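See structure below.
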C-alpha cells in the first residue's frame with residue numbers, strides 16, 4: 008500500500024526538479040485482547056486480521072484458531088478486537104500495554120518474562136537443496152512489488168520444498184513475519200517442515216519467533232547477529248544469511264541443506 012507525494016529533488020550542479028514519489032503507508036494498529044488494550048504496532052495497514060492473529064501466535068498467546076471466540080478488525084480506526092475462549096488475564100498482566108515502533112526490539116520483554124513458553128529445539132528432519140533456496144529467494148524478490156515502488160518495506164514469505172506459499176510486505180520486518188504466521192494459522196498449515204524467508208537482518212527475536220513456531224529453516228538476504236547464530240545453534244534451526252544470487256552463508260545446522268555436486 009502506497010500513496011503519491013510531490014517531492015523536490017536536488018542534484019549537485021543541476022536545477023531543483025519537482026517530481027512525484029511513492030511513499031509506503033504507515034499507521035498505528037492497536038490490538039485489544041479480551042477487552043484489554045494489549046499493544047500498539049506501527050505497520051502497513053493491510054492484512055490486519057493476519058497481523059493480529061500472527062502477533063498473538065508468535066508471542067505465545069494463541070495456539071490455534073479454535074481458541075478464538077471472535078475477531079473484529081476496524082480498519083479505519085486501526086483497531087483489532089480479539090476475544091479468546093480462555094479469558095485468563097495472565098497475558099495482559101505480564102505483557103502490559105506497550106507501543107511498538109516499526110523497527111526492532113519488540114519482543115524482548117515478553118520472551119524473557121514467559122520462561123514457560125520458551126521454545127524447545129527444532130527436531131524437524133526436513134532437508135532442502137541449495138538450488139531450491141536460490142529459486143525461492145528469486146521468487147521472493149519478484150513478489151516485493153511495494154518495495155520496488157517505494158523502497159520502504161520489508162518482506163517475509165513461507166515456502167515448502169516446491170514453492171512460495173504466502174508472501175507479505177510491511178514497514179516492519181517483525182510485522183511481515185507475523186502476517187505470514189497469521190496466514191498459516193487461518194489456513195491450518197503446519198510450519199514444522201517449512202522455510203521462512205525474510206528480507207531483514209536476522210536478529211535474536213526473529214530466531215526466537217521461528218523457534219516458537221518450530222520452523223526448521225530461516226533464510227535472509229541480510230546478515231545475522233551473533234546472538235541469532237548462537238540461538239540457532241542451540242535451538243537447532245538452519246540459519247542462512249546473505250542469500251543473494253548464487254551464494255549464501257550457512258551459519259547453523261548445515262545438515263538440512265543437501266550438498267551439491
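Residue numbers (the numbering used here): 8 to 268. We put the beta carbon where it would ideally sit given N, CA and C, even for glycine. Here the structure is a predicted model, which is why all the values come from computation and not from measurement.
How would you write the range of the alpha helix (DSSP H) that residue i sits in, first residue to last?
i	result
residue 242	233 to 242
residue 157	152 to 157
residue 183	180 to 194
residue 211	211 to 219
residue 91	Taken as a continuous stretch (DSSP letters only), residue 91 belongs to no alpha helix (DSSP H), being part of the beta strand (DSSP E) at 86 to 91.
In whole angstroms, give me the CA-to-CA distance for residue i and residue j.
i	j	result
residue 124	residue 230	Only weak support is given to the placement of residue 124: the predicted model assigns it a pLDDT of 42, under 50, and the value that follows is read from those uncertain coordinates. Looking at the two C-alpha atoms, the distance is approximately 27 Å.
residue 90	residue 75	6 Å
residue 146	residue 171	7 Å
residue 48	residue 195	25 Å
residue 165	residue 39	27 Å
residue 59	residue 78	9 Å
residue 44	residue 153	30 Å
residue 132	residue 18	54 Å
residue 56	residue 129	28 Å
residue 220	residue 210	16 Å
residue 257	residue 248	7 Å
residue 191	residue 144	19 Å
residue 115	residue 228	Since pLDDT at residue 115 reaches only 42, below the 50 mark, its modelled position is unreliable, and the value read off the structure follows with that caveat. Each residue's alpha carbon lies about 23 Å from the other.
residue 50	residue 199	27 Å
residue 46	residue 21	47 Å
By Cβ distance, which residues of its chain are closer than 6 Å to residue i, with the 5 residues on each side in sequence left out?
i	result
residue 163	175, 183, 184, 187, 205
residue 232	210
residue 267	137
residue 69	63
residue 159	31
residue 34	52, 85
residue 261	none
Within its chain, find whatever has a CB closer than 8 Å to the CB of residue i; leave out the 5 residues flanking it on each side and keep chain order.
i	result
residue 94	41
residue 82	52, 55
Just to confirm, are residue i and residue j a CB contact at a threshold of 8 Å?
i	j	result
residue 239	residue 214	yes
residue 140	residue 226	yes
residue 156	residue 9	yes
residue 216	residue 135	no
residue 193	residue 72	yes
residue 167	residue 201	yes
residue 161	residue 189	no
Could you spell out the range, first to last residue, of the beta strand (DSSP E) harbouring residue i?
i	result
residue 38	34 to 40
residue 15	9 to 16
residue 246	245 to 251
residue 259	254 to 259
residue 164	161 to 166
residue 49	43 to 50
residue 65	That residue, residue 65, is in no beta strand (DSSP E); its alpha helix (DSSP H) goes 55 to 65.
Assign residue i to one of two classes, buried (16 or more other C-beta atoms within 10 Å of its C-beta) or exposed (fewer than that).
i	result
residue 65	buried
residue 245	buried
residue 169	exposed
residue 27	exposed
residue 84	exposed
residue 234	exposed
residue 180	buried
residue 61	buried
residue 87	buried
residue 218	buried
Please return the same chain residues whose Cβ sits closer than 7 Å to the Cβ of residue i, not counting the five positions on each side in sequence.
i	result
residue 25	13, 15
residue 259	236, 239, 240, 244, 245, 246
residue 111	Interpretation of residue 111 is limited by its pLDDT of 48, a score under 50 that renders its predicted location unreliable; no figure is taken from the coordinates.
residue 263	133, 134, 135, 223, 224, 245
residue 149	none
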